[in-house]
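A.B. asks: The structure follows.
Numbering (the numbering used here), first residue to last: 366 to 732.
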């Protein structure tokens with residue numbers, strides 16, 4: 366591990382990130398709860414989602430920060446959480462404000478270096494009703510073999526890219542991005558697969574929300590992700606209707622970082638089945654303001670190509686081959702360019718800004 370950041374808040378593995386999270390939470394006086402995952406990590410280590418809660422015995426408001434829904438993206442959220450708890454700045458919050466950090470909602474993906482979970486499910490597309498027919502994504506269906514090619518030969522890679530670029534030229538960047546990444550429920554070995562049933566992470570998230578949100582009047586929820594957008598820049602992505610009360614709250618809370626995905630302002634498309642979309646469903650007694658904090662790393666096409674390759678080798682049980690290991694390392698690097706000192710500084714800065722603004726907002730809501 367590079368010595369320039371080895372003692373920083375940025376970790377090199379799930380196990381190290383978890384240790385740092387637990388240590389910083391204990392030092393901050395947080396109450397810790399562990400939700401054990403049924404699978405193990407690559408070294409046989411136990412996996413879990415860990416929740417740190419700071420706050421009084423009768424809080425009226427809560428700031429909840431969720432990390433690691435997309436596995437390998439968990440390094441960024443972990444760093445922000447550890448930095449916040451180590452800093453001591455949270456100790457000055459009002460007594461009736463609860464601060465919650467959810468570490469590694471998808472611990473399997475985090476530990477194994479995948480964006481998805483143990484069943485190839487994109488956790489942040491899995492929060493839908495599975496009682497009826499799942500949502501259709503006919504545009505993904507039409508592009509399925511181009512999005513997740515059957516092989517990784519030079520010919521198939523070029524053909525795949527040509528089809529995707531032709532679709533973008535014909536329909537526009539936003540439409541192409543939505544077709545690919547909005548989520549799909551028909552191709553279990555494809556990309557952005559929403560699953561066929563509630564995932565372990567889905568069930569765990571609902572359970573922990575009830576545990577930390579019971580009786581809370583106002584909740585500000587931040588789901589931390591990375592990958593989309595210009596490297597080092599941040600977006601607070603939401604989907605609130607124009608002129609709505611919810612949009613006013615979001616803008617008052619996160620200011621110029623706010624981007625409306627439904628209006629085409631964000632670096633990514635509007636999504637369904639996200640974690641943030643169910644917070645008010647699970648906690649109907651609370652007023653909820655929710656957003657996705659997206660921290661940019663690499664251009665969207667570079668990220669997609671890395672996802673393609675990693676997905677291909679995983680489903681052919683070639684993860685341990687030289688090509689498979691390269692693909693997994695490439696995936697990690699597009700989501701976690703930790704060797705870049707400027708990027709690390711930007712993550713710290715944006716993380717501190719958002720944590721401070723969120724905690725301040727819930728404090729003012731009950732002040």
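Yeah, the Cβ is synthetic: ideal placement off N, Cα and C, and Gly gets one too.
(1) Of the residues 604, 634, 426, 419, which one's Cα is nearest the Cα of residue 650?
(2) By Cβ distance, which residues of its chain are closer than 7 Å to residue 624, with the 5 residues on each side in sequence left out?
(3) Rounded to whole angstroms, what is the Cα-Cα separation between residue 468 and residue 525?
(4) Pull up the distance between the alpha-carbon of residue 384 and that of residue 527, whole angstroms please.
(5) Taking the alpha-carbon positions, what's the residue 367 to residue 380 distance?
(6) Who pairs with residue 426 in a beta bridge, going by DSSP?
(7) Write down every uninterrupted run of the beta strand (DSSP E) in the segment 502-572 whose length is 3 residues or greater and which is fully enclosed by it, in chain order.
(8) Look up residue 660 in the DSSP assignment and say whether it is helix, strand or coil.
(9) Closer than 6 Å by C-beta to residue 677: which residues in its own chain qualify, once you throw out the five before and the five after it? Chain order, please.
(10) Can you look up residue 405 in the DSSP assignment and give me helix, strand or coil?
(11) Go through its chain and collect everything with a Cβ distance to residue 371's Cβ below 7 Å, but skip five positions before and after it.
(12) Taking all protein chains shown into account, do 16 or more other C-beta atoms lie within 10 angstroms of the C-beta of residue 507, making it buried, or fewer, making it exposed?
(13) Anyone know if the C-beta pair for residue 657 and residue 585 falls short of 8 Å?
(14) Within the same chain, show all residues whose beta-carbon is closer than 6 Å to that of residue 652, passing over the 5 residues directly before and after it, in chain order.
(15) I think residue 439 touches residue 432, with their Cβ atoms under 8 Å apart; what is that distance to the nearest whole Å?
(16) Could you round the C-beta distance between residue 663 and residue 596 to whole angstroms and report it? I think they count as a contact, below 8 Å.
(17) Starting from residue 696, follow the alpha helix (DSSP H) in both directions and report where the run begins and ends.
(18) Let me confirm a value: residue 503 is counted as buried when at least 16 other C-beta atoms fall within 10 Å, else exposed. Which label applies?
(19) Would residue 607 be called buried (16 or more neighbouring beta carbons within 10 Å of its own) or exposed?
(20) Residue range of the alpha helix (DSSP H) that residue 415 falls in?
C.D. replies: Answer, in terms of the structure:
(1) 426
(2) 600, 601, 602, 630, 631
(3) 36 Å
(4) 44 Å
(5) Because the pLDDT of residue 367 is 45, which lies under 50, any placement of that residue in the model is unreliable, and the number read from its coordinates should be weighed accordingly. Whole-angstrom Cα-Cα distance: 17 Å.
(6) 462, 583
(7) none
(8) strand
(9) 517
(10) strand
(11) Because the pLDDT of residue 371 is 47, which lies under 50, any placement of that residue in the model is unreliable, and the question is left without a value.
(12) exposed
(13) no
(14) 583
(15) 6 Å
(16) 7 Å
(17) 687-700
(18) exposed
(19) exposed
(20) From DSSP, residue 415 is part of no alpha helix (DSSP H) but of the beta strand (DSSP E) over 411-419.
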